[in-house]
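K.L.:
Each step along the sequence shown adds one to the number in our numbering, with nothing skipped, and position 80 is 86.
Following this message is one structure expressed as structure tokens.
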Amino acid sequence: GVELVSETAPGREGNLHDWARWARYAAGERIRAARRADWIAVAHTGSDLAETIIYRLAASPGARPLLAMRARNGPVIRPLLALSRSETRDAVLSAGLEFVDDPSNDDPAFARALIRNQVLPVLAGINPAATRNIGATQAELIEDDRLLEEQAARLLDDCLALPGTGPASGVSRSPAMLASVLEGADPALRRRAIRMFAERSLDRPVPVPRELSDRILRLGREPEGGQVDIGGGAAAVIESGRISVSGEPGPSPDATGSERGPAGAVPLAIPGSAEWGDWTVRTEELGRPAGGPVSAREPSAPGQALVDRDALGRDVRVRGWHPGDRIRPLGMRGSKTLQDLFTDRGVPRSDRRTLPVVLADDEVVWVAGVALSDRFRIRPQTAHVVKITAAPNQDPERARIQSGRGPDPDA
């Protein structure tokens, strides 16, 4: 015979059906792990599947909610989906076994009971194969979903603004999507790409209906951007055409309209390195470049700068942007405030206070990934060159997004 294992469920919390579902699956997983079994077989029938799809059509927008209750999801398998409830009952009774009904299935207080006892009989009156047709339709939706998910994953790879793209490209802390790349994609794919990105950022399922996707892209076209609530206390943050996801309410700007970053300055040795906030800034002495004079516009690149060692002096430090900071950008005659520079170069507001600023005797030398001061550039008479690099320390969020890992949306 088959061993029967019974457990007492913990105290009920919240929705009765959701709590009961969680209790069953949790018990099944404990037993599977203890027995070192491969599968947890559950007795959902095609009728249960039809009820679920009809309920979700009424309760939730979009196609994704219709993909639940698959024949296999991880260790959970549903071998009875090809049979209706009545067919399953007949098979059980013909084998001389007892078929057990859950009395709550007939309680009209539950929406699923209304669908089971009122909606499905009406559909069966229209077409006796209604339940089977609903299951066949879901099977096609699952096949279509696999293809669309693959295409959306490629789109997400194309529009990720990870190090090397966009304003402050070499040093932006937050993984983001480029709205301009999404704009050219099919609506079905860009909606899925936004959802994938949000789920990888938050490590949980995130519904992204059409209205939400359209609003995010609309803000992506506007210079000032904005925030869109995506549920669960999270938000899509749109700045300068970049879409990122925050698991908390947006930061409160200070009087200058910028977000606060790590406080204090740290010394930077030459050669040597300094940790500031979530960054590592390094210096390396290169000597005199071979091959003659170096162009004034050549030394600075995203994440690195080449500067005149003698111009730096001895007091070199790293800190964040302060109100009133000014710089004479490479090749320009006059100076401008860093706030104006950030605006001109489209640096997202949330990144501005987090970018390392290298100073020599309190004068701005380099804003990582944004601008090098013309006064510290390499000149024909430069005798010694220093290479400065800034790199964000790897974090779990970025690693998860780059690797493509995310939650199981069908759990």
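Quick reminder that beta carbons are idealized off the backbone N, C-alpha and C, glycines included.
Since we're looking at a predicted model, the values are computed, not measured.
1. Answer with buried or exposed for M338, where buried requires no fewer than 16 other C-beta atoms within 10 angstroms of its C-beta.
2. Along the chain, where does the beta strand (DSSP E) containing W28 start, and where does it finish?
3. Excluding five sequence neighbours on each side, which residues of the same chain lie with their C-beta closer than 6 Å to the C-beta of A77?
4. Within its chain, find whatever has a CB closer than 7 Å to the CB of D96; leave out the 5 residues flanking it on each side and keep chain order.
5. Can you find the residues in the same chain that come closer than 6 Å, C-beta to C-beta, to A191, ignoring five residues on each side of it along the sequence?
6. Given A261, which residues of its chain have a CB within under 7 Å of its CB, disregarding the five upstream and five downstream residues?
7. If I follow the unbroken beta strand (DSSP E) through G237, where does it start and stop?
8. Which residue marks the beginning of the alpha helix (DSSP H) containing L223, and which one marks its end?
9. Take the Cβ of H23 as the centre, count every other Cβ of all protein chains shown within 10 Å, and call the residue buried at 16 or more, exposed below.
10. What number of angstroms, rounded off, separates the C-alpha of W45 from the C-alpha of D163?
11. Assuming V371 and T289 are in contact, meaning their beta carbons sit under 8 Å apart, how far apart are those beta carbons, in whole angstroms?
12. Which residue marks the beginning of the alpha helix (DSSP H) containing P127, and which one marks its end?
13. Please state the DSSP three-state secondary structure of A271.
14. Taking DSSP as the reference, what is the three-state secondary structure of S90?
15. In the DSSP assignment, what are the bridge partners of G278?
16. Note down the Cα distance separating A377 from L336, rounded to an integer number of angstroms.
17. For the beta strand (DSSP E) that contains T395, what are its first and last residues?
18. Helix, strand or coil for L55, going by three-state DSSP, please let me know.
19. Alpha carbon to alpha carbon, how far is V272 from G283? Give it in angstroms, no decimals.
P.N.:
Taking the structure as given:
1. Sequence index remark: in the sequence shown, residue 338 carries index 332 (1-based). Exposed.
2. Taking the first residue of the sequence shown as position 1, residue 28 is located at position 22. Segment 22–41 is the alpha helix (DSSP H) holding W28; no beta strand (DSSP E) there.
3. The residue you call residue 77 lines up with position 71 of the sequence shown. Hits under 6 Å: R84, L87.
4. In the sequence shown, residue 96 corresponds to position 90, counting from 1. Excluding residues within five positions, none has a Cβ falling inside 7 Å.
5. Along the sequence shown, read from residue 1 onward, the residue named residue 191 stands at position 185. Taken in chain order, the residues that qualify are L161.
6. Position 255 of the sequence shown, counted from the start, is the residue given in the question as residue 261. The predicted position of A261 is uncertain, since its pLDDT is 37 and thus under 50; a value taken from the coordinates is nonetheless stated next. Closer than 7 Å at the Cβ level, and outside the excluded window around A261, lies no residue.
7. As a working mapping, residue 237 is identified with position 231 in the sequence shown. 232–237 is the extent of the beta strand (DSSP E) around G237.
8. Start at 1 with the first residue of the sequence shown, and residue 223 comes out as number 217. Taken as a continuous stretch (DSSP letters only), the alpha helix (DSSP H) holding L223 covers 216–226.
9. Here residue 23 is taken as the residue at index 17 of the sequence shown, counted from 1. So H23 ends up on the exposed side.
10. If you number the sequence shown from 1, residue 45 lands on position 39. If you number the sequence shown from 1, residue 163 lands on position 157. Near 34 Å, if we compare the C-alpha coordinates of D163 and W45.
11. As a working note, residue 371 is residue 365 in the sequence shown. As a working note, residue 289 is residue 283 in the sequence shown. Their Cβ separation, rounded to whole angstroms, is 11 Å, which puts V371 and T289 out of contact at 8 Å.
12. Reading the sequence shown from its first residue, position 121 is the one you call residue 127. First-last of the alpha helix (DSSP H) with P127: 126–132.
13. Residue mapping note: residue 271 aligns to position 265 of the sequence shown, counting from 1. In this structure, A271 counts as coil in the three-state DSSP scheme.
14. On the sequence shown, residue 90 is found 84 positions in, with the first residue counted as 1. It is coil, neither helix nor strand.
15. Start at 1 with the first residue of the sequence shown, and residue 278 comes out as number 272. Bridge partners of G278: T289.
16. Along the sequence shown, one-based indexing puts residue 377 at 371. Along the sequence shown, one-based indexing puts residue 336 at 330. Looking at the two C-alpha atoms, the distance is approximately 7 Å.
17. The count along the sequence shown starts at 1 and reaches residue 395 at position 389. It spans 391–398 - the beta strand (DSSP E) in which T395 sits, taken as one unbroken run.
18. Mapped onto the sequence shown, residue 55 falls at position 49. Correct three-state label for L55: helix.
19. In the sequence shown, counting from the first residue as 1, residue 283 sits at position 277. In the sequence shown, counting from the first residue as 1, residue 272 sits at position 266. Distance between the alpha carbons of G283 and V272: 10 Å.
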